[in-house]
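Numbering (numbering that gives the first Met the number 0), first residue to last: 0 to 291.
Quick reminder that beta carbons are idealized off the backbone N, C-alpha and C, glycines included.
A quick write-up on the structure given underneath.
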Amino acid sequence: MLRHSITIDEHELSIFMLNEDQPGSPVVFLHGITLTSDFWLPNLPNTLKATPCYFINLPAHYPSRMLPRADTVQLTSEKLATLLQKAIQSLVGDRSVMLVGYSVGGFAALNLAAHYPSLVSRILCIAGFANGQWRGLMGVLQQLCCMGRPGVSFFKLVCRFSMLNPMFYSWVSGFFAGDRSTYFHSPNLKLTLAVVYPRVIHHNLDDLAYLFRSFASMDISSLLPHIQAPTLIMAGDRDPVIAYNQTQLLAEKIPNAELKVLSGMGHMFFAERFTEYQQILTSWVKQANITL
């Protein structure tokens, strides 16, 4: 496993790679809000063990970092797409890539495909969205970030409190599940948190607040018809963060989209429906190898 960083405009993005010397179409993984790219490691199926995989830490997510004065310029969907396009091009040149994105990573994947259609060959969008205004607890945190310095201070306090220790972090994360019983009893939950927790506690919370605030102003609904890549949308029907009408919008507006709704699932697919997710991703990769 190889790690390196790349500086693009006001951001330093951290990236790690697996099987980068192997043949085949590269797969780029984009994680969700407040996570890190290491999130994907316990969630990779065996089918990808010989596939070139690239894991990009999104802006403001440790160990990626924002350079001084980056927060003086709002991050727009256009700038986010350009950041990722430059990062991916530095990794694979002019080759097209398959994208796997979760939550904000799902948005980022769709956004990238809309702005740079020739770069993206296929998309697996998990719990993604087109409008960056979230709901539930995540929506409350986002609203705090839009309320100036007092709101950001309270946001930072809540974040620190939620990350007091791994057990409490796991409990708070359960608010984003739709099937909380399955979530808390999932063996993969412990494996994932063991990888994620030691890194998320190093997030710069001011930078994270900037990102929450930026997403509140992003809406790529009108760009969805520009996406040319075959897109598989995987979502739950009990997601506390992303409204189900957002899922329906993606399925309706993206020209070559397929929708898989997992009954009872919320936002935490890796613990709520781990087996189903593995089957979907495995099938998706096999299908890509046949059609590419």
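Candidates the options, of which the one nearest residue i by Cα
| i | options | result |
| --- | --- | --- |
| residue 200 | 171, 266, 163 | 163 |
| residue 273 | 128, 183, 221 | 183 |
| residue 36 | 255, 220, 198, 203 | 198 |
| residue 124 | 135, 92, 38, 31 | 31 |
| residue 114 | 219, 232, 262, 260 | 219 |
| residue 94 | 133, 120, 139, 235 | 120 |
| residue 105 | 20, 89, 25, 130 | 130 |
| residue 299 | 52, 275, 143, 159 | Outside the shown range of the chain, which is 0 to 291, sits residue 299, and nothing can be said about it. |
| residue 4 | 55, 156, 41 | 55 |
| residue 195 | 160, 77, 140, 169 | 169 |
| residue 88 | 122, 77, 47, 25 | 25 |
| residue 293 | 41, 73, 33 | Nothing about residue 293 can be reported from this structure: the residues present for the chain run from 0 to 291 only. |
| residue 221 | 109, 242, 1 | 109 |
| residue 278 | 2, 8, 44 | 44 |
| residue 271 | 13, 252, 237 | 237 |
| residue 282 | 245, 231, 17 | 231 |
| residue 18 | 39, 48, 6, 38 | 48 |
Euclidean distance between Cα positions of residue i and residue j
| i | j | result |
| --- | --- | --- |
| residue 148 | residue 205 | 10 Å |
| residue 214 | residue 175 | 18 Å |
| residue 29 | residue 127 | 11 Å |
| residue 99 | residue 71 | 30 Å |
| residue 203 | residue 135 | 23 Å |
| residue 227 | residue 280 | 20 Å |
| residue 216 | residue 188 | 32 Å |
| residue 276 | residue 234 | 10 Å |
| residue 112 | residue 255 | 12 Å |
| residue 264 | residue 177 | 5 Å |
| residue 291 | residue 284 | Since pLDDT at residue 291 reaches only 47, below the 50 mark, its modelled position is unreliable, and no value is offered. |
| residue 253 | residue 193 | 36 Å |
| residue 65 | residue 8 | 10 Å |
| residue 262 | residue 243 | 12 Å |
| residue 91 | residue 2 | 15 Å |
| residue 173 | residue 160 | 15 Å |
| residue 140 | residue 241 | 14 Å |
Whole-angstrom C-beta distance between residue j and residue i, which should lie under 8 Å
| i | j | result |
| --- | --- | --- |
| residue 249 | residue 223 | 7 Å |
| residue 229 | residue 266 | Not a contact, Cβ separation roughly 24 Å. |
| residue 116 | residue 10 | Contact doesn't hold; Cβ gap of about 23 Å is too wide. |
| residue 59 | residue 151 | Not really, about 13 Å apart at Cβ, beyond 8 Å. |
| residue 212 | residue 158 | Rounded, the Cβ-Cβ distance is 14 Å, inconsistent with contact. |
| residue 191 | residue 41 | 5 Å |
| residue 23 | residue 46 | Actually they are not in contact, since the Cβ atoms of residue 23 and residue 46 sit about 11 Å apart, beyond 8 Å. |
| residue 171 | residue 96 | Not really, about 33 Å apart at Cβ, beyond 8 Å. |
Endpoints, alpha helix (DSSP H) assigned at residue i
| i | result |
| --- | --- |
| residue 129 | Taken as a continuous stretch (DSSP letters only), residue 129 belongs to no alpha helix (DSSP H), as it is neither H nor E. |
| residue 35 | Taken as a continuous stretch (DSSP letters only), residue 35 belongs to no alpha helix (DSSP H), as it is neither H nor E. |
| residue 161 | 147-161 |
| residue 137 | 135-144 |
Where the beta strand (DSSP E) containing residue i begins and where it ends
| i | result |
| --- | --- |
| residue 16 | 10-17 |
| residue 270 | Note, residue 270: premise wrong, no beta strand (DSSP E); alpha helix (DSSP H) at 268-271. |
| residue 259 | 256-261 |
| residue 246 | From DSSP, residue 246 is part of no beta strand (DSSP E) but of the alpha helix (DSSP H) over 243-252. |
| residue 4 | 1-7 |
| residue 26 | 26-29 |
| residue 233 | 230-235 |
Checklist entry - Going along the chain, which unbroken runs of the alpha helix (DSSP H) with 4 or more residues stay wholly within the stretch 175-227? => result Every unbroken stretch of the alpha helix (DSSP H) spanning 4 or more residues and falling wholly within the stretch 175-227 is given here in chain order: 179-183, 186-199, 204-214.
Checklist entry - What alpha helix (DSSP H) runs, 4 residues minimum, are completely inside the stretch 50-118? => result Whole alpha helix (DSSP H) segments, 4+ residues: 76-91, 103-114.
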